[in-house]
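Numbers in our numbering are just positions in the sequence shown, counted from 1, shifted up by 40. Using N, Cα and C, we set each Cβ at its ideal position, and we do this for glycine too. Here the structure comes first, spelled out in structure tokens, and everything after it is commentary.
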Amino acid sequence: MRFLGAADTVTGSRYLITVGERHVLVDCGLFQGYKVLRDRNRAPFPVPPRTIDAVVVSHAHLDHSGYLPALVRDGFRGRIYATEGTTELCRIMLPDSAHLLEEEARHAANGKWSKHPDPEPLYSLADASAALERFQPVSFGAAAVVADGMEMEFVPAGHILGAAQVRLRIHDRTIHFTGDLGRPDDPLMQPPAPLEAADVLVTESTYGDRRHDPENPERALGEIIRRVAARGGVVLIPAFAVGRTETVLLHLSRLRDHGAIPHLPIFINSPMAASAVDVYRRHPSEHRLELDELDRMYRLPEVVASVDDSKLLNLRGGPMVIISASGMLAGGRILHHVAAYGSHRDNAIVLTGFQAGGTRGAALVRGERTLRIFGRDVPIRAEVHNLDSMSAHADANDLIEWMKSCPVSPRAVYVTHGEPTAADTLRARIRHEVGWPARVPEHLESVDIP
């Protein structure tokens, strides 16, 4: 097993399994955050893509699936195995990612704020379409042979719709990948399935060094909206278009039903997020919502589809709520809104989940109050709130308790997909509290499966 990503950072999930001449890639994500990490997206893939027999994708978030269009463009010709929900969401998210990359390249060229004379997107809409043709949906619990001697099975992970733990069987050995593990008490998604015996466990550690704030995120969100609305301000909510947007809408819908927030306009400036509702309708067993509540929360906002309507929001003024991607302020329409409203004290920016190092969201959490957006420095005078308790990731205690439920110790545990401090903290807890042999691998390290 070779760690091609997520070994020294919380993004870029990529694990290459090699058996003889066969190669299977588990996850194929984008690196995000610090520039030194984002530059890895532009580097040649560590192995020739044409030599990879299959890709197995745990879920649709771009740090797990977002490099697929580039992999296919550069020669991968195998199947991409994913759950039905992940396949449907990738049909929404990968073209949207390509569109944003193309749009960012155009903005950089027109605004002349790129250091490259002719900036090119990482991949195109055509590349995304070609990748989607290679998807092979697999149901939870069904076994699929992905290469000679390698069989995989998807196990529910919670987190977002379609998210899976991946069990890869190689002859008489099993490698278990958590993917991104959800929370046992998530208001939207069902809890992750228990861990079954495995020879090797590869676990995420996004929140490996912390517990979620016990604060009720719905109550906190309501207080912010009431305060900002009373002074005619705008509440900006950067949110991942799939997963976090639904959670935010659920809280807003319940607040509105209880009369806990005023009837101010609520906008979703993300056509992709709005189109995900049909996917949730088709997979009711994966989430906790009754269909009438799902429909009610999606009727709450007005969906902003066109670029012109998006621009008009920046002229409209408050009071209003705008929900838009990306959740870490890495790109997308939310940046235009932050540029328009972030410098005004009457407004607020509400972060709703993990902010990877090197992103604008992480800078705000760290206390910085100037953001570089589209080649200029934007002062941030708006209130900034980080509702970490709205995260869809298991925290450190959740991960430890999930591991303790397994009756058999793995022969090896590899702690990945976390910032260095988070990964090492979880490693120590696994060794001391669970008694399993755990270590944090290095980027591009190869290990033999015991």
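Beta-carbon within less than 8 Å of residue i's beta-carbon, same chain only, minus the 5 sequence neighbours each way: which residues are those?
i	result
ARG471	PRO477, ALA478
ALA269	VAL275, ILE301, PRO302, LEU304, GLY358, PRO359
THR285	ALA279, ILE308, SER310, ALA313, ALA316, ILE363, ALA365
Suppose the cutoff is 7 Å on Cβ atoms and the five residues either side in sequence are ignored; what does the same chain contact list for residue i look like?
i	result
GLY273	GLY358, PRO359, ASP386, ASN387, ALA388
ARG469	ALA436, ILE440
ASP188	ARG62
GLN176	ARG119, ILE120, TYR121
SER293	ARG336, MET337, LEU340
SER164	ALA138, GLU142
Report the option in the options whose CA atom is closest to the CA atom of residue i.
i	options	result
LEU56	ILE215, ALA463, GLU330, ARG412	ILE215
VAL487	THR51, VAL50, THR58	THR58
VAL97	ARG90, VAL50, GLU61, VAL206	VAL206
LEU77	TYR381, PHE394, ALA46, GLY382	ALA46
HIS99	LEU484, ASP435, VAL361, GLU124	GLU124
ARG412	GLY60, ARG406, ARG296, ARG400	ARG400
ASP103	GLY73, ALA184, MET192, LEU295	GLY73
PRO109	ALA170, ALA370, ALA260, GLU485	ALA170
CYS130	LEU201, ASP253, LEU369	LEU201
GLY415	GLY198, ALA462, GLY371	GLY371
VAL50	TYR247, ILE92, GLN230	TYR247
Just reading off the alpha helix (DSSP H) that residue i is part of, what are its end residues?
i	result
VAL87	It is not in any alpha helix (DSSP H) - VAL87 carries neither H nor E in the DSSP assignment.
MET192	Counting along the chain, MET192 falls outside any alpha helix (DSSP H), though it belongs to the beta strand (DSSP E) covering 190-196.
VAL317	317-322
THR285	284-297
PRO109	108-113
ARG267	257-270
ASN491	The structure shown has nothing for residue 491, since the chain only spans 41 to 490.
ALA388	ALA388 -> not in any alpha helix (DSSP H); beta strand (DSSP E) instead, spanning 388-391.
TYR381	374-381
PRO460	460-469
Please report the straight-line C-alpha distance between residue i and residue j, rounded to a whole angstrom.
i	j	result
ARG213	ASP332	44 Å
ARG174	VAL418	42 Å
VAL455	LEU353	43 Å
VAL317	ASP136	16 Å
GLY367	ASP167	24 Å
ASP158	ARG146	9 Å
TYR121	MET337	31 Å
SER245	ILE277	25 Å
ILE265	LEU355	20 Å
GLU330	PRO84	46 Å
VAL343	VAL361	12 Å
GLU255	LEU334	24 Å
LEU427	ASP220	19 Å
GLY550	LEU208	Past the edges of the chain, shown from 41 to 490, lies residue 550, and the structure says nothing about it.
VAL347	ALA204	34 Å
LEU172	THR243	27 Å
PRO86	LEU44	7 Å
ARG409	ARG271	21 Å
GLY115	CYS68	14 Å
LEU140	ARG296	32 Å
VAL480	HIS433	19 Å
ALA238	ARG373	43 Å
ALA403	GLY397	8 Å
ARG421	ARG328	38 Å
VAL185	HIS211	12 Å
GLY369	GLU128	For the sequence presented, residue 369 should be read as Leu rather than Gly. Near 25 Å, if we compare the C-alpha coordinates of GLU128 and LEU369.
Under 9 Å, Cβ to Cβ, is there at least one residue of chain B near residue i?
i	result
PRO84	Of the protein chains in the structure, only one exists, and it is not chain B.
Leaving out five residues on either side along the sequence, give the residues of the same chain with a beta carbon under 6 Å from the beta carbon of residue i.
i	result
LEU241	HIS216, PRO450, VAL453
GLU142	PRO161
GLU193	ALA183, ARG207
THR465	GLY248, ASP249
LEU462	As written in the sequence, residue 462 is Ala, which differs from the Leu given in the question. Answer for ALA462: SER245, GLY248, ASP249, listed in chain order.
GLY52	GLY45, ALA46, GLY69, PHE71
Looking at the secondary structure, which residues open and close the beta strand (DSSP E) in which residue i lies?
i	result
TYR55	55-59
MET337	Taken as a continuous stretch (DSSP letters only), MET337 belongs to no beta strand (DSSP E), being part of the alpha helix (DSSP H) at 331-339.
MET360	360-364
Using a threshold of 8 Å, is the CB atom of residue i nearer than that to any non-hydrogen atom of the ligand ADP?
i	result
ASP464	Only the bare structure without any ligand can be found here, which leaves the ligand ADP out of the picture.
How do the region 445-454 and the region 174-183 stand: do at least 3 beta-carbon pairs fall below 8 Å, yes or no?
no
Touching by the beta-carbon criterion (3+ pairs, under 8 Å), the region 318-326 and the region 361-379
no
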